[in-house]
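Accompanying notes for the structure given below.
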Amino acid sequence: MSEVEDEASAVRRGWVLAVLVIVIVAVVAGSAYYLFLRSGGGKKADLVIYAYDSFVSYNLAGATIHKFEEMYGVKVDVRTYGDAGSVIAQVIAEGEKTEADILLGVDNSYLAKVLNADILTPYKPQNIQLVPEHLIFDESYHVIPFDYGYIAIVYDTETISDPPRSFQNLTEERWRGKLIVENPISSSTGAAFLLWTVAVYGGDGFDDFWRDLKPTVHSVQAGWDTAYEAFLNGEAPMVVSYSLDTAYSVYYYNDTRYRAVIMEEGGYAQIEGMGIVKWSKHKDLAQKFIEFALTEDFQREIPLNNWMLPVNPNVELPEEIQQYGVFPERNLTIPAEDIAANFDSWVETWQEIMS
């Protein structure tokens, strides 16, 4: 090769290398810009919500958060930590270092726990009159209700044709190893089921019931999500869940295989709420979000995106829920002060029995 050819070849190699570098830089820069846009333009969240998993997986977050963001021109970050008990534990563990502005998922079972932990600041929304008084379970307004649902036994009709109709039925030998329950320490569903049994048998009698029920229990799951997944996988034909589960199956799958039944002793409502975290740096915006959560814009999304009932009575229930939802003839309650005074000891008793 001549000196001229050598020089020309070197020039070509230089141009190729330069073009290659430009292409690589362009691709990397483009990808970085795409990720920048995907992350909200690099903007830090104006409001951080700690919530349970199904707030996102069932799409209530997806159906509502964007409305609030557009309304106020802000960015909201939703972080999930399992079931409600785990979310509460997360905020308690983080303490004053937490980035959470709102704790979502505190129900009437866990109220005493969050009040004793002193992790929320009280706020009475200006539109609290939208919520019926019987659903307001915290008169100090640390926790504001946003939805509620009735605990039920959900069963697989391909395995069970005649389900148990009472708590006493549940303890019969034919149901041995056929019920999946949730842990009341980590699961709000499990806590509500435990309180349901206390409402039926009293603080002095629920322990005897659980001793009788223990052979019926196939497994104790950490949260509702894992419990229901185990149920769907066929590990057991019954699970502690909610009275709208049949409506859910009809809506998504046009199928009534999984049916809900409320025990004849009476129903028990789990009321879910949210509160402003004590160390929030965005309390004004957090207050706006809580008020937004009580409006019809938020509430109308609850039935088909969280499969619970809205606390705002102005919201009309979808046809599927009106037709296939199961509602108790009477609802059992436990005074909030009784739950506050005794919940920990009831859970300890449950642990001793189920261990």
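Residue numbers (the numbering used here): 2 to 356.
All C-beta atoms in this analysis are idealised placements derived from N, C-alpha and C, irrespective of residue type, glycine included.
Here the structure is a predicted model, which means the values were calculated and not measured.
Worksheet item: Taking C-beta to C-beta, are residue 224 and residue 144 nearer than 8 Å?
Response: With respect to residue 144, residue 224 sits apart: the two C-beta atoms are not nearer than 8 Å.
Worksheet item: The alpha helix (DSSP H) with residue 177 in it runs from where to where?
Response: Counting along the chain, residue 177 falls outside any alpha helix (DSSP H), and DSSP gives it neither H nor E.
Worksheet entry | Cβ-based neighbour list, residue 191, same chain, cut-off 6 Å, excluding 5 preceding and 5 following | Closer than 6 Å at the Cβ level, and outside the excluded window around residue 191, lie 183, 184 and 185.
Worksheet item: Below 8 Å between beta carbons: does that hold for residue 278 and residue 99?
Response: Contact flag set, yes.
Worksheet item: DSSP three-state call for residue 151: helix, strand or coil?
Response: The answer is strand: DSSP assigns residue 151 an E or B state.
Worksheet item: By a C-beta neighbour count over all protein chains shown, 10 Å radius and 16 as the cutoff for buried, is residue 238 buried or exposed?
Response: With 16 or more other Cβ atoms within 10 Å, it is buried.
Item to complete: Might you give, ordered along the chain, the residues of its own chain that have their beta carbon closer than 6 Å to the beta carbon of residue 261, omitting 5 neighbours on each side?
Response: Cβ neighbours of residue 261 beyond the five flanking positions: 153, 155, 244, 246, 247 and 327.
Item to complete: Using beta-carbon positions only, say whether residue 85 and residue 341 come within less than 8 Å of one another.
Response: If you check the CB distance, residue 85 and residue 341 do not come in under 8 Å.
Fill in: Unbroken stretches of the alpha helix (DSSP H), 4 residues or longer, contained in the segment 183-232
Counting whole runs of 4 or more residues, the segment 183-232 contains the alpha helix (DSSP H) stretches 189-202 and 207-214.
Worksheet item: Taking C-beta to C-beta, are residue 57 and residue 81 nearer than 8 Å?
Response: Yes; because the gap between Cβ atoms is below 8 Å, this pair is in contact.
Worksheet item: At what residues does the alpha helix (DSSP H) containing residue 118 begin and finish?
Response: Element bounds for residue 118: 112-118.
Discussion item. On the criterion of 16 or more Cβ atoms from any shown chain inside 10 Å, does residue 302 qualify as buried, or is it exposed?
Written reply: By the neighbour-count definition (other C-beta atoms within 10 Å, threshold 16), residue 302 is a buried residue.
Fill in: Heavy atom of the ligand NAP within 7 Å of residue 244 beta-carbon
You won't find the ligand NAP in this model; it holds no ligand whatsoever.
Worksheet item: Which residues share a DSSP beta bridge with residue 91?
Response: Note: residue 91 sits in no beta bridge, so no partner.
Worksheet entry | Between the CA atoms of residue 61 and residue 78 - distance to the nearest angstrom | Cα to Cα, residue 78 sits roughly 14 Å from residue 61.
Fill in: Terminal residues of the alpha helix (DSSP H) in which residue 288 lies
Per DSSP, residue 288 belongs to the alpha helix (DSSP H) from 284-294.
Worksheet entry | residue 264 - DSSP class collapsed to helix/strand/coil | Three-state result, residue 264: coil.
Worksheet item: Apart from the five residues just before and just after residue 127, which ones in its own chain have a Cβ nearer than 8 Å to its Cβ?
Response: Excluding sequence neighbours, residue 127 sits near 292.
Worksheet item: Out of curiosity, what's the CA-to-CA distance linking residue 308 and residue 249?
Response: One alpha carbon belongs to residue 308, the other to residue 249, and they sit about 7 Å apart.
Worksheet item: Once you ignore the five residues that flank residue 133 on each side, which residues in its own chain have a CB closer than 8 Å to its CB?
Response: Answer for residue 133: 312 and 314, listed in chain order.
Worksheet entry | Residues of its chain near residue 229, where Cβ-Cβ distance is below 7 Å and the 5 sequence neighbours each way are ignored | Answer for residue 229: 240 and 242, listed in chain order.
Worksheet item: Taking the continuous beta strand (DSSP E) assigned at residue 48, which residues delimit it?
Response: Annotation for residue 48: the continuous beta strand (DSSP E) segment containing it runs 48-52.
Discussion item. Helix, strand or coil, according to DSSP, for residue 126 in the structure here?
Written reply: Coil, per DSSP.
Worksheet item: Helix or strand or just coil, what does DSSP make of residue 254?
Response: In the three-state scheme derived from DSSP, where H, G and I count as helix and E and B as strand, residue 254 is classed as helix.
Worksheet item: Apart from the five residues just before and just after residue 208, which ones in its own chain have a Cβ nearer than 7 Å to its Cβ?
Response: 350 and 354, listed in sequence order.
Item to complete: Keeping to the same chain, check which residues put their C-beta closer than 8 Å to that of residue 323; ignore five residues upstream and five downstream.
Response: Leaving aside the five residues that flank residue 323 on each side, none in its chain has a CB nearer than 8 Å to its CB.
Worksheet item: So, is residue 256 buried or exposed, given that buried needs 16 or more other C-beta atoms within 10 angstroms?
Response: Around the beta carbon of residue 256, fewer than 16 other beta carbons sit within 10 angstroms, so the residue counts as exposed.
Fill in: Environment of residue 336 [buried if 16+ CB atoms lie within 10 Å]
With fewer than 16 Cβ atoms within 10 Å of its Cβ, residue 336 is classed as exposed.
Item to complete: Leaving aside the five residues before and after residue 194 along the sequence, list all residues of the same chain whose C-beta is less than 6 Å from its C-beta, in chain order.
Response: The beta carbon of residue 194 sits closer than 6 Å to the beta carbons of 152 and 241 from its chain, once the five residues preceding and following it are set aside; these are given in chain order.
Worksheet item: How long is the line joining the alpha carbons of residue 142 and residue 173, rounded to whole angstroms?
Response: Approximately 42 Å, taken between the alpha carbons.
Worksheet entry | Candidates 343, 90 and 320: closest to residue 187 by CA position | With distances taken between CA atoms, residue 187 lies nearest to 90 out of 343, 90 and 320.
Worksheet item: When the Cα of residue 280 is compared with those of 346, 109, 103 and 177, which residue comes out closest?
Response: Its Cα nearest to that of residue 280, the residue 103 stands out among 346, 109, 103 and 177.
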